[in-house]
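What the sequence shown shows, in the working numbering, is residues 2 to 281, in sequence order.
The beta carbon of each residue, even a glycine, is placed where N, CA and C say it ideally should be.
Worksheet for the structure shown next.
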Amino acid sequence: MTAQPARPAPPTTSPATSSTRSPADTPRLGFGGLVASESLKARGLRSTWWLLSLALLVPVLVAVITALTERSDVTDADTALAGAVGAFTDTNYLGLLLLVVLGTIVGTTEYERGAVLTTFAVVPRRVPVVLAKVVVVAVVALVVSVASGVVSFFVAALVLGHGAPGGIADPVVLRVLAGTAFYQAAAAVIALAFGLVVRSSAGGIAATLGFLYVVPALLQAVPVEAVGRFARSLPGPEGTVLELPSGADGATLTWSVVAIVVWTAVVVAAACVVVRRRDV
2 MTAQPARPAP PTTSPATSST RSPADTPRLG FGGLVASESL KARGLRSTWW LLSLALLVPV
62 LVAVITALTE RSDVTDADTA LAGAVGAFTD TNYLGLLLLV VLGTIVGTTE YERGAVLTTF
122 AVVPRRVPVV LAKVVVVAVV ALVVSVASGV VSFFVAALVL GHGAPGGIAD PVVLRVLAGT
182 AFYQAAAAVI ALAFGLVVRS SAGGIAATLG FLYVVPALLQ AVPVEAVGRF ARSLPGPEGT
242 VLELPSGADG ATLTWSVVAI VVWTAVVVAA ACVVVRRRDV
């Protein structure tokens with residue numbers, strides 16, 4: 002009787018050596034990694050560097066031109082300091098507009114290029130992606146606004162002379178610089194949120210500027226006191242309070258900061274809900 006050849010024993014596969022991993026075993030990207038990833042994406046955009054360069058240089062250039070036109074009227078240190086602050090505040094809208102465009106582009110580029118599918122495949126919950134973008138835009142806008150504001154003030158003060166550069170330590174000057182940077186960073190984050198919702202750069206910029214300035218102007222035209230009070234609580238009017246060198250006490254400034262924080266949080270929360278619920 003012919004002996005049957007021995008069959009090889011089936012390979013034993015232990016759970017530790019199995020090539021198949023459960024979803025729980027798949028490494029996940031932490032929030033710090035998401036922030037680093039979104040920062041890398043923003044730095045990879047050519048438009049980011051153009052906008053940052055313009056946001057840094059254009060306000061400085063306009064501040065110099067403004068100071069040169071007022072130089073002949075400056076006769077003492079107080080007038081010089083006021084002129085330097087005015088030269089800085091007169092350029093606020095330029096930096097604000099450029100940072101709004103930057104925030105919008107950060108929010109819309111992935112949608113316009115189709116790369117958002119890959120991003121949401123890695124992070125299916127989506128909300129951490131939105132919050133990581135918020136952190137990147139807020140930090141960049143804050144740093145750029147502070148740098149541009151300080152340089153604009155110093156250059157204008159040097160042009161005007163009379164010891165005005167030393168006025169950087171003045172509490173009013175510091176408040177205006179800090180308030181302007183805070184408001185511009187909040188505006189950039191609001192632009193990011195509108196960009197994520199609208200998914201169009203032009204639409205996001207229009208929606209942001211409309212929310213900041215057009216809507217309050219329309220509401221204030223309504224002859225109802227409650228409506229006017231509500232309109233003044235929107236980020237645009239409250240941001241103007243922070244940018245002005247006078248006309249606001251401590252309580253008013255605190256309320257303006259709180260109002261801007263609350264409205265920014267509301268817009269970001271709405272963007273998180275929209276991004277999470279829709280297909281893409």
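- prompt: Ordered along the chain, which non-local residues of its own chain (more than five positions away) have a Cβ less than 7 Å from that of residue 72?
  reply: 160 and 161
Practice item. Identify which residue in 278, 258, 186 and 261 has its Cα closest to the Cα of residue 93. Key: 186
Just mark residue 51 as buried or exposed, buried being the case when its beta carbon has 16 or more other beta carbons within 10 Å.
Classification for residue 51: exposed.
Check your understanding: At a cut of 8 Å, does the segment 63-72 reach the segment 105-116 through at least three beta carbon pairs?
Key -> no
Would you tell me roughly how many angstroms separate the C-alpha atoms of residue 36 and residue 78, rounded to the nearest one? 45 Å
Check: From residue 249 to residue 41, what does the alpha carbon distance come to, in whole angstroms?
Finding: Taking the straight line joining both Cα atoms gives about 40 Å.
* Whole-angstrom distance between residue 144 and residue 205, CA atom to CA atom -> Taking the straight line from one Cα to the other gives about 23 Å.
Between the segment 216-223 and the segment 234-241, can you find at least three pairs of beta-carbon atoms closer than 8 Å? yes
| CA-CA distance, residue 26 and residue 125? | Confidence at residue 26 is low in this model, with a pLDDT of 45, below 50, so its placement is unreliable and the value that follows should be read with caution. Near 16 Å, if we compare the C-alpha coordinates of residue 125 and residue 26.
According to DSSP, simplified to helix, strand and coil, what is residue 74?
helix
- Query: Using DSSP with H/G/I as helix, E/B as strand and the rest coil, what is residue 118?
  - Reply: helix
Checklist line | Straight-line Cα distance separating residue 130 from residue 269 | finding: 12 Å
Integer-rounded CB distance, given that residue 104 should sit under 8 Å from residue 63
In fact, because the Cβ distance is near 21 Å, the residues do not count as touching under 8 Å.
Residue 257 in three-state terms, based on DSSP:
helix
Please classify residue 79: does DSSP put it in a helix, a strand, or coil?
It is helical.
Exercise. Which residues bound the alpha helix (DSSP H) around residue 206?
Worked result: 202-210
Segment contact flag, the segment 78-90 with the segment 189-198, C-beta cutoff 8 Å, min 3 pairs
The segment 78-90 is not in contact with the segment 189-198.
Practice prompt. Compute the Euclidean distance between the alpha carbons of residue 200 and residue 106, then round it to the nearest angstrom.
Written response: 9 Å
_Applying the 10 Å Cβ sphere with the 16-neighbour rule, what's the burial state of residue 203?_
exposed
*Any alpha helix (DSSP H) of 4 or more consecutive residues that is wholly inside the segment 44-74*: At a cut-off of 4 residues, the continuous stretches assigned as alpha helix (DSSP H) that sit fully inside the segment 44-74 are 47-71.
Note to self: So that I know if they touch, is there some Cβ in chain D lying closer than 8 Å to that of residue 236?
What the structure shows: Reference to chain D is not applicable here, since this structure consists of a single protein chain.
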